[in-house]
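Input: a single structure, listed below in structure tokens.
There are 2 protein chains.
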Amino acid sequence: MQGTTETEAAAYTPTDRTVPTRSMDRSSYDKELVHAILDEGYVCHLGFVRDGAPVVLPTLYGRVGERLYVHGSTGSRPLRMSGETDPGLPVCLTVTHVDGLVLARSAFHHSINYRSVVVHGIARQVTDPEERRMALDALVNHVVPGRAADSRPANKKELAATAVIRLDLDEVSAKLRTGDANDDPEDLALPHWAGVLPLQKGYGAPVPNADLAPGVELPDYLKAR
Amino acid sequence: MQGTTETEAAAYTPTDRTVPTRSMDRSSYDKELVHAILDEGYVCHLGFVRDGAPVVLPTLYGRVGERLYVHGSTGSRPLRMSGETDPGLPVCLTVTHVDGLVLARSAFHHSINYRSVVVHGIARQVTDPEERRMALDALVNHVVPGRAADSRPANKKELAATAVIRLDLDEVSAKLRTGDANDDPEDLALPHWAGVLPLQKGYGAPVPNADLAPGVELPDYLKAR
Chain A
1 MQGTTETEAA AYTPTDRTVP TRSMDRSSYD KELVHAILDE GYVCHLGFVR
51 DGAPVVLPTL YGRVGERLYV HGSTGSRPLR MSGETDPGLP VCLTVTHVDG
101 LVLARSAFHH SINYRSVVVH GIARQVTDPE ERRMALDALV NHVVPGRAAD
151 SRPANKKELA ATAVIRLDLD EVSAKLRTGD ANDDPEDLAL PHWAGVLPLQ
201 KGYGAPVPNA DLAPGVELPD YLKAR
Chain B
1 MQGTTETEAA AYTPTDRTVP TRSMDRSSYD KELVHAILDE GYVCHLGFVR
51 DGAPVVLPTL YGRVGERLYV HGSTGSRPLR MSGETDPGLP VCLTVTHVDG
101 LVLARSAFHH SINYRSVVVH GIARQVTDPE ERRMALDALV NHVVPGRAAD
151 SRPANKKELA ATAVIRLDLD EVSAKLRTGD ANDDPEDLAL PHWAGVLPLQ
201 KGYGAPVPNA DLAPGVELPD YLKAR
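First to last, the protein sequences are chains A and B.
Here the UniProt record's numbering is used: the first residue of the first sequence is 1, the next is one more, and so on.
Here the UniProt record's numbering is used: the first residue of the second sequence is 1, the next is one more, and so on.
Quick look at the structure:
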């Protein structure tokens, strides 16, 4: 039983919604993998239902352990709806990285190498002042680690204008594709090139604000990028 | 009246769903801008409703004029649902590019520079064989322009296993943020660095398949990247 407990602690429990109908070998419920994919992203795609129809919006997010936080204006739709709806707003939050273009000899087997995380759950408004502050720090630190400590914290007016919602990492799966193109055996001799064109991400030189006060230097945590 | 007609042709008509409740200055309905954002992306996030809850999945797409196409296994959920549901499946398809991290003196004004397109509509299964072939070509050419002509076309078995859905570009909006951090006037003298850290995308060296037939050269359209 000890082994079972350890396994459960390291992975999310699959549910009907997180077990795919196909390509099951591409799915993972490993917490470390899920955290790594989430932490590498800048924007998630948050889905919710409005008047019976789906809405998918890109938005920033932050992670604290097994909790994700999203923030926005108190007037924005999903944040307002999560407060108005009891016991919260059903959402689906998805983060995707495209790692490479997969070119096969056959049109059919063209694909991409990617890593994605899909989180299903109920988004709830965070009202506890301490948790709200922690969540807002996590959102800023998600953009640049350590940045929250090197900026002016939110004041009362800003806090009042900001809604924070929480989504627990509970019903979660990762999905990924890696490696070569998978052509059928009878296509291997075709004269078309096959392989992967990797996509790379990087940072350009930091662009200081036009109104930057004289003498303000680029911080070390940005020089290292 | 001629001017009005020209304006309408160049832009999508805003609807209740595509006019935001805030930051309206970041919205655009310009068709050229929408097309450019869509054509630059590799993956869209497709949202639909299943058992009353939202689902958001990353998937490839292709564009032909004012139509978007998504494909997948005939067994995959959204593609199956779009065929079973009459008159189609309500979806929301979103494409987002993250262009830079915006660091403000205040935690509150941290943001990202981005460009996104949100498409609302009804996804319908494509059954016409000619349109299906054109859509599958568009999907391959979206990954690498011109690639469809340099690969083996889908055979009968592959076509039978592939479902294609169409989403018309009708209820569409783009949203974007560009430029500096926007701090409040009283924060401009704070000692925190403010500005933008640009994110850059590029391609790595192509990785040929391990089972590539001898003598198959890298095509010119991949050398140019």
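Note that the Cβ used here is the ideal one computed from N, Cα and C, for glycine as well.
This structure is a prediction, so every number in the text was calculated from the model and none was measured.
Below-7 Å beta-carbon distance, residue i vs any chain A residue
i	result
ALA210(B)	yes
THR15(B)	no
LEU188(B)	yes
ARG105(B)	yes
HIS71(B)	no
VAL216(B)	yes
TYR221(B)	no
TYR29(B)	no
Alpha carbon of residue i to alpha carbon of residue j, nearest angstrom
i	j	result
THR127(A)	VAL164(A)	8 Å
TYR42(B)	ASP184(B)	37 Å
LEU212(B)	ARG26(A)	24 Å
VAL55(A)	GLU130(B)	31 Å
SER116(A)	CYS44(B)	12 Å
ALA224(A)	GLY100(B)	16 Å
LEU199(B)	SER151(A)	21 Å
LEU176(B)	PRO20(B)	12 Å
VAL98(B)	LEU60(B)	18 Å
HIS142(B)	PRO214(A)	46 Å
ARG80(B)	ASP220(A)	52 Å
ALA53(B)	VAL216(A)	48 Å
LEU188(A)	ILE112(A)	19 Å
MET24(B)	ASP51(B)	33 Å
GLY202(B)	LEU197(A)	10 Å
VAL70(B)	ALA181(A)	20 Å
Residues of its chain near residue i, where Cβ-Cβ distance is below 6 Å and the 5 sequence neighbours each way are ignored
i	result
ARG124(A)	GLY88 and ARG166
ASP30(A)	ALA11
PRO145(A)	none
GLY3(B)	With a pLDDT of only 45 at GLY3(B), under 50, the local geometry of the prediction cannot be trusted, and no value is derived from it.
VAL64(A)	ALA138
LEU68(B)	TYR61 and LEU167
VAL34(B)	VAL117, VAL172 and ALA174
Own chain, CB closer than 7 Å to residue i, minus 5 neighbours either side, in chain order
i	result
TRP193(A)	LEU103
ALA161(B)	SER73 and THR74
VAL140(B)	ARG147, ALA148 and SER151
PRO206(A)	LEU218 and LEU222
Any chain B beta carbon closer than 7 Å to residue i
i	result
GLY88(A)	no
TYR203(A)	yes
LEU176(A)	no
GLY47(A)	yes
PRO78(A)	no
TYR12(A)	no
ALA181(A)	yes
Bounding residues of the alpha helix (DSSP H) (the contiguous stretch that carries residue i)
i	result
ALA154(B)	Careful: ALA154(B) lies outside any alpha helix (DSSP H) and carries neither H nor E.
Three-state secondary structure assigned by DSSP to residue i
i	result
ALA135(B)	helix
LEU197(B)	strand
ASP30(A)	strand
ALA10(A)	helix
HIS109(B)	helix
THR5(B)	Its pLDDT being 49, under 50, THR5(B) is placed unreliably by the model, and nothing is read from it.
SER82(B)	helix
GLU40(A)	helix
ALA160(B)	helix
ARG17(A)	coil
PRO206(A)	coil
ARG166(A)	strand
ARG115(B)	strand
VAL64(A)	strand
LEU77(B)	First, the residue type needs correcting, since residue 77(B) is Arg and not Leu in the sequence shown. In the structure shown, ARG77(B) sits in a helix (DSSP, three-state: H, G or I).
ARG216(A)	In the sequence as presented, Arg is not what sits at residue 216(A); that position holds Val. If DSSP states are grouped into helix, strand and coil, VAL216(A) belongs with coil.
VAL140(B)	helix
Range of the contiguous beta strand (DSSP E) that encloses residue i
i	result
ASP220(A)	Segment 220-223 is the alpha helix (DSSP H) holding ASP220(A); no beta strand (DSSP E) there.
PRO58(B)	53-60
VAL101(A)	Reading off the sequence, residue 101(A) comes out as Leu, not Val. Per DSSP, LEU101(A) belongs to the beta strand (DSSP E) from 89-103.
ARG147(A)	ARG147(A) -> no beta strand (DSSP E), and no H or E assigned at all.
HIS71(B)	67-73
ALA189(A)	It is not in any beta strand (DSSP E) - ALA189(A) carries neither H nor E in the DSSP assignment.
GLU171(B)	171-177
Any non-hydrogen atom of the ligand FMN within 6 Å of residue i CB
i	result
VAL95(B)	This structure simply doesn't include the ligand FMN, nor any ligand for that matter.
Residues near residue i in its chain [Cβ-Cβ closer than 8 Å; skip 5 each side]
i	result
MET1(A)	Below a pLDDT of 50, predicted positions are generally treated as unreliable, and MET1(A), at 40, falls in that range; the measurement from the model is reported next regardless. Cβ within range, chain order: n/a, list empty.
Where the segment 125-158 of chain A meets chain E: residues whose CB sits under 7 Å from a CB there: The structure shown contains no chain E; the protein chains it does contain are A and B.
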